[in-house]
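Sequence lines, in order, name chains A and B.
Mind the numbering: the first sequence is residues 784 to 1214 in the working numbering, read in order.
Mind the numbering: the second sequence is residues 203 to 975 in the working numbering, read in order.
For glycine and all other residues, C-beta sits at the position ideal for the given N, C-alpha and C.
Following: one structure in structure tokens, then a few remarks.
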Amino acid sequence: MPPIRPRERDALLQSLRAGVVPRLGQYLIQVGRAEELKALIADIDRVADGGSTFRLVIGEYGAGKTFFLNLVRSIAIEKKLVTMHADLNPDRRLQSSGGQARSLFAELTRNTATRTRPEGGGLAGILEKFISQAQEEAGLLSLSTEQVVRRQTAQLAEMVNGYDFADVIIAYWRGFDTGNEQLKSDAIRWMRGEFSTRTDARAALNVRTIVDDASVYDQLKLLAKFVRLAGYNGLLICLDELVNLYKLTNTQARNSNYEQILRILNDSLQGSAEGIGFILGGTPEFLLDTRRGLYSYPALQSRLAQNTFAKSGLTDLSGPVIRLTALTPEDFYLLLEKLRDVYAFGNPERYLLPDEGVAAFMQHCGKRLGESYFRTPRTTITSFIDLLAILDAHQDVQWTSLIEGHSVEPDRGGDLEKITEDDDELASFKL
Amino acid sequence: MTNLPASNSEASSFLLLDPRIQQWIWAQGWTSLRSIQQQAIAPLLAAQSDVILAAATSAGKTEAAFLPLLTRLLQGGGHEGSQAGFILSISPLKALINDQTQRLSALCESLDLPVLGWHGDVTAGKKLRFLQGLRGVLVITPESLEALFVNKGTTIPAFATAIRSIVVDELHSFIDTERGKQVQSLMNRLDLAAGTRITRVGLSATLGDTALAADFLRPGQQRQVTTIDTGSEGYELRLIVRGYLDDWEKPQAEATTVAADPVGFPSCAPSNVQDDDVPGSAKHAIAEYLYQHLRGSNNLVFPNSRGKVEEYADLLRRYSERENVPNEFWTHHGSLSREIREEAEAALKQGTTAATAICTTTLELGIDIGNIRSVVQIGPPPSVASLRQRLGRSGRRAGEPAILRCLCREDKLTPKSPLSDRLREGLVQTIAMVRLLTQAWVEPPRREAVHASTLVQQLLSVIAQRGGATAQELWTTLVSSGTFTQVTKAEFIELLHALAVKEILQQESAGALLPGPVGEELINSYDFYSAFTSGEEFRLLAEGRTLGSIPIARPLTIGQRIIFAGQRWRVQKIEIQERLILVSSDPGGAPPSFDGAGGRVHDRVRQEMKKVLSESTPIPFLDRFATAMLEEARTSFRLAHLDQASVVPDGAGVLLLTWHGDWANDALALLLTASGHETTNEGVFLRLSDATAPQVVHTLEKLAQQAAPTVEALRIRPKDAMKEKWDWLLPEQLLLRSFASSELDLESLPGLIHQLLERTRDVRSTGERREGT
């Protein structure tokens, strides 16, 4: 086992302790879900081969969807894919007329990650790579770089909205060639969807269109094609918190978003998109509710229906829907062990808690939260790291005395818990 | 404009205004500020507390509020980034919004601040531009504001944070209505979204009880509201009450319905109107009087109902046509199309030719209509407050008196006349109300009602705004933070369950409540945003021009002749699907029926009525006919010993005279019905249709011994309690409590019963004495 890098360890522990999903070092604590992961790695490979994929990752609040998505993303980055990710919210949707779709696009481009820029903001890097690739090729073919750039972008121009996209790439090249930084940054701004009026775009780049609400998906397809031209293997797009579409109260708005999902699904599964993969994370009700979930849209219901043979322990991971099964107590035990290991920099001699301590902690949580404690591990993990931190700071304290007095709160899901006044009757309100 | 001597305080408060605003005031040629405008400057600039500005209509309240508020806005209002932010003004009517926007635009143009009137008829582009800038002044209806919450929920925090102050125009029209509750809730939600207390400024007509108005503006914290009331400033009032006797004998049945609903809608069945339409009837006499006295000046005529507006407008038009003079009489009421109403407003405002509007409450509010010479009230006014508002329209120019003419139509007495006719209820009520008006009394707003119907709307709106909300959040936002404080937690929880059963709400696994299938339909429907019902209506179209609308519940037939907008029409075609009725010009017709309820009479008015009847001194402001009628009424009153008696046998039943307002009367009627006597509230008395006096006394004695009656004791049928828009969704208990809180006066019942018994005992003892001697 390779030594644990301090940077990764600290980032991992910090984010876990804050109850948010780590962006670094996920592999260190990955347990279980080997089959699901294998299926998605296969997806990544398919995208890298120029194919396209579509997956829905479905799991309860706190089941580890976001963690899983981030893990897949980090693997994709390792496999030379460009990844983009964003959480949906009422202001970021797949389809809208009030700027919400463009806002999602802007968020996605901000979160463009490549191997050199795993934490995001990789769009400029991709463009630079494209140019340097073109320069190299120009050298080999003894053509001018401009000619190569034009030849490459000609492929983009054939696609929907591709003509202006190609123009923007060429504008970037001109900026690069003539040292015009303004032109370069205008081109990047255009690609990020930051131009809000056509007039501005025309003045800056002499193109007639902008990335608007209606063209978001087409732009993503263009980007997928472009990253392949720039030498990457493909584009993986992770969208999380799709439950926000489920929560939209306007029926029409919700259905038009589902329609967009259907379009993506059709494109991906028919193979008409190239080098692009979608992973969407959501809760079971987002998928299954026939009144307002994806299943309320008949065309999606038939496409996403579960394999009727997949029952009682048999799973089918080839369909578009992956259900994240809950962690088992055994998985969870392993997870805690890994945490202990990470905390001690992978050095067994520095373990703060003996094996029976881990078991005792689990027992304690079971008592406090009931049998579901390992299904939604967020709060338990936070609490476990708190325990380790105390043990670390006070070497003389006995772990046995600490565990009993430790309190863990049940996970109430979603975003960081909102602070509300203490009121049991309403807090636990159930219809 | 009053010309006040320049005092020190005036000069100094004027100097507190922004120099640019001072300049604008000079440019207008104003020689001084009005008293309310001066008094408002200091408290509004300090912005330490909420402020209510109460004054008569067109006393310059808008300027009084906006001059200092704009000064604060220009000076940055204590916030970083000067001139950022805007003033939100909530106004009840589109017409008022247009009016206010126009007036403010003149001022704000010189200050380089945008002003936007926001309602259904304003283009989306203008709205979007305002939302991007969020500066200047926004004048909006509660419904449009609600729509903003529902449809642009995520932008609300930014929107709310940019608000520097909230102005509520025509505050009195919101108090104690379901719509007012909505306004309170919206203001509260803006405070919550902004995370701070946004100062509120209420513009109001003169109020009966300033504490209640303050409590409306800032629930639970009325002490922190400053009230500036200049309404009691003296003005000269010229007053006459004229009586008109209908010689024509009406059938008995119709007479009782009129008695039951003295201020409500007339019975406009075509047959009646035909009979009634004979020259020489009281209606013609009144129209003749109006024609003689109102031509040549600007006046307002309030006949209390839309149906009567049409009748009189039609008569007056015919008079004008007969005499070959231009028609100076215009119609104005809520069912007319905007264009027609605007024509009437413009005619009143332009001032070159005389114009008189026959109108309803729509012209009571502060729409600018220029100078009005006199106000005519036909029949008893709905309330003293409303009479005061109407009167406030006239005599605004210095040296001109306010002129009020009250015209009362009463039936000729016959041996069969019911008691209400013999007491001249309409006339006596008018006299009582006029007397209260001259004593500077107006009805105080009623204690806060629950208005649970609006709570349902607000629940759904909060859920739509935030894309789902937990029960806890809803409770905090709507109840514990101060809007629906009368709802208990148990009731709140029961309500949520009841809404889930009706598929209005559903819950997702993390606990957030979302709209269910039915709830979603409600939210997505265009009429979700209003807290009050507006029944479906047919649009009336004449040669491509929209005349207005009439309620769908009162259908017309093809070929029927109707009076609308003061003209006569014949129905040509009815398009059920498009909700359209095509009409063409035609001689002959009767006004269509409209829905609507008459005003409810306050305790104090009934007490004053009793006083009017029991006195014997002549009342100075009555004409000869009215004096004679009052004499008749006083005689009937004396003969029946009504100053003492409270239980009077009448035919097969019994009348109960309470001299209380309609809220107490309704409550008592329900209580007696629940105790086994069928009882109806007929205004000045309750009618028990089959009971004898001793039985009633016995029941009252029994009731007096019981504990104070609760809502349950009244045994109200839920379907009778459904008055407000979303009442059908409420659980029964909450529904009944909500109903009782706004429609009934339960607290005064024990006292009232006690009083009634006391008076019967007195009557019995005097009766016995009389027999003894």
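Reference residue i; option with closest CA among the options
i: residue 688/B; options: 728/B, 354/B, 940/B and 377/B; result: 940/B
i: residue 630/B; options: 807/B, 249/B, 894/B and 851/B; result: 807/B
i: residue 527/B; options: 404/B, 518/B, 534/B and 270/B; result: 518/B
i: residue 440/B; options: 509/B, 299/B, 498/B and 593/B; result: 593/B
i: residue 853/B; options: 830/B, 819/B, 869/B and 890/B; result: 890/B
i: residue 239/B; options: 271/B, 250/B, 784/B and 229/B; result: 271/B
i: residue 497/B; options: 524/B, 962/B, 531/B and 487/B; result: 531/B
i: residue 1143/A; options: 992/A, 899/A, 832/A and 1186/A; result: 1186/A
i: residue 899/A; options: 918/A, 859/A and 923/A; result: 859/A
i: residue 856/B; options: 366/B, 214/B, 412/B and 883/B; result: 883/B
i: residue 751/B; options: 541/B, 488/B and 244/B; result: 541/B
i: residue 416/B; options: 595/B, 510/B and 650/B; result: 650/B
i: residue 566/B; options: 407/B, 815/B and 901/B; result: 407/B
i: residue 1010/B; options: 620/B, 685/B, 700/B and 529/B; result: The question about residue 1010/B has no answer here: the residues shown for chain B are numbered 203 through 975.
i: residue 322/B; options: 356/B, 310/B, 878/B and 350/B; result: 350/B
i: residue 735/B; options: 715/B, 659/B and 741/B; result: 659/B
i: residue 338/B; options: 308/B, 345/B, 761/B and 447/B; result: 308/B
i: residue 1031/A; options: 1011/A, 988/A, 1075/A and 994/A; result: 1075/A
i: residue 795/B; options: 886/B, 787/B and 762/B; result: 762/B
Inter-residue CB distance, residue i and residue j (contact presumed, cutoff 8 Å)
i: residue 656/B; j: residue 387/B; result: 7 Å
i: residue 696/B; j: residue 720/B; result: Not a contact, Cβ separation roughly 18 Å.
i: residue 876/B; j: residue 946/B; result: Rounded, the Cβ-Cβ distance is 12 Å, inconsistent with contact.
i: residue 222/B; j: residue 313/B; result: 6 Å
i: residue 1077/A; j: residue 1103/A; result: Actually they do not touch by this definition, with Cβ atoms about 11 Å apart.
i: residue 975/A; j: residue 884/A; result: Incorrect: roughly 14 Å between the Cβ atoms, too far for contact.
i: residue 355/B; j: residue 709/B; result: About 19 Å; that fails the 8 Å criterion.
i: residue 342/B; j: residue 287/B; result: Between residue 287/B and residue 342/B the Cβ distance is about 16 Å, and since that is not below 8 Å, they are no contact.
i: residue 936/B; j: residue 911/B; result: Not a contact, Cβ separation roughly 19 Å.
Quick one: which residues of the segment 842-873 of chain A get their C-beta closer than 9 Å to a C-beta of chain B? List them in chain order. 843, 844, 872 and 873
Which residues, in order along the segment 1017-1030 of chain A, keep a beta-carbon less than 8 Å from a beta-carbon of chain B? 1026, 1027, 1029 and 1030
At a Cβ cut of 9 Å, what residues of the segment 1068-1096 of chain A count as close to chain B, listed as they run along the chain? 1068, 1069, 1072, 1074 and 1075
What are the residues in the segment 895-913 of chain A lying within 8 Å of chain B by C-beta distance? none
Could you name the residues of the segment 710-726 of chain B whose beta carbon sits closer than 9 Å to any beta carbon of chain A, in the order they occur along the chain? 710, 711, 712, 713, 714, 715, 716, 717, 718, 719, 721, 722, 723, 725 and 726
Determine contact between the segment 994-1001 of chain A and the segment 819-838 of chain A, defined as no fewer than three beta-carbon pairs at a distance below 8 Å. no
Taking only beta carbons into account, state which residues of the segment 312-336 of chain B come closer than 7 Å to chain A, listed in chain order. none
Within 7 Å of chain A by C-beta, residues of the segment 348-363 of chain B in sequence order: 355 and 356
Which residues, in order along the segment 1120-1137 of chain A, keep a beta-carbon less than 9 Å from a beta-carbon of chain B? none
Runs of beta strand (DSSP E) lying entirely within the segment 953-1032 of chain A, each at least 3 residues, in chain order: 1017-1023
Below 8 Å, can you find three or more Cβ-Cβ pairs linking the segment 357-374 of chain B to the segment 291-303 of chain B? yes
Take every Cβ of the segment 854-867 of chain A, pair it with every Cβ of the segment 960-973 of chain A, and state whether three or more of those distances are shorter than 8 Å. no
Any C-beta of chain B within less than 7 Å: which residues of the segment 978-1004 of chain A qualify? none
Pick out the complete alpha helix (DSSP H) segments inside the segment 908-960 of chain B, 4 residues or longer, and give them in chain order. 920-923 and 934-945
Using Cβ-Cβ distances below 9 Å, what residues of the segment 1141-1153 of chain A are close to chain B? none
Listed from N- to C-terminal order along the chain, which residues in the segment 670-681 of chain B have their beta-carbon within a distance smaller than 8 Å of any beta-carbon of chain A? 670, 672, 673, 674, 675, 677 and 678
Is the segment 637-645 of chain B close to the segment 581-588 of chain B, with three or more CB pairs under 8 Å? yes
Runs of alpha helix (DSSP H) lying entirely within the segment 609-659 of chain B, each at least 4 residues, in chain order: 621-624 and 627-640
Name, going along the chain, the residues of the segment 1029-1044 of chain A whose beta-carbon falls closer than 8 Å to a beta-carbon of chain B. 1029, 1030, 1031, 1032, 1033, 1034 and 1035
Inter-stretch contact at 8 Å, needing at least 3 Cβ pairs: the segment 1020-1029 of chain A / the segment 1055-1068 of chain A: yes
Chain A contacts from the segment 640-660 of chain B (Cβ-Cβ distance under 9 Å): none
Between the segment 498-513 of chain B and the segment 569-578 of chain B, are three or more C-beta pairs nearer than 8 Å? yes
Quick one: which unbroken alpha helix (DSSP H) runs of 4-plus residues sit fully inside the segment 834-897 of chain A? Chain order, please. 848-861 and 883-893
Please determine if the segment 419-429 of chain B and the segment 251-267 of chain B are in contact, where contact requires at least 3 C-beta pairs separated by less than 8 Å. yes
Continuous beta strand (DSSP E) assignments of at least 3 residues falling wholly in the segment 1033-1119 of chain A: 1059-1065 and 1104-1106
Just checking, does the segment 807-815 of chain A make contact with the segment 1105-1115 of chain A on the three C-beta pairs under 8 Å criterion? yes
Start-end ranges of the alpha helix (DSSP H) lying completely within the segment 716-746 of chain B, minimum 4 residues: 719-726
Assess contact between the segment 666-685 of chain B and the segment 383-402 of chain B, defined as three or more Cβ pairs (one per stretch) separated by less than 8 Å. Is contact present? yes
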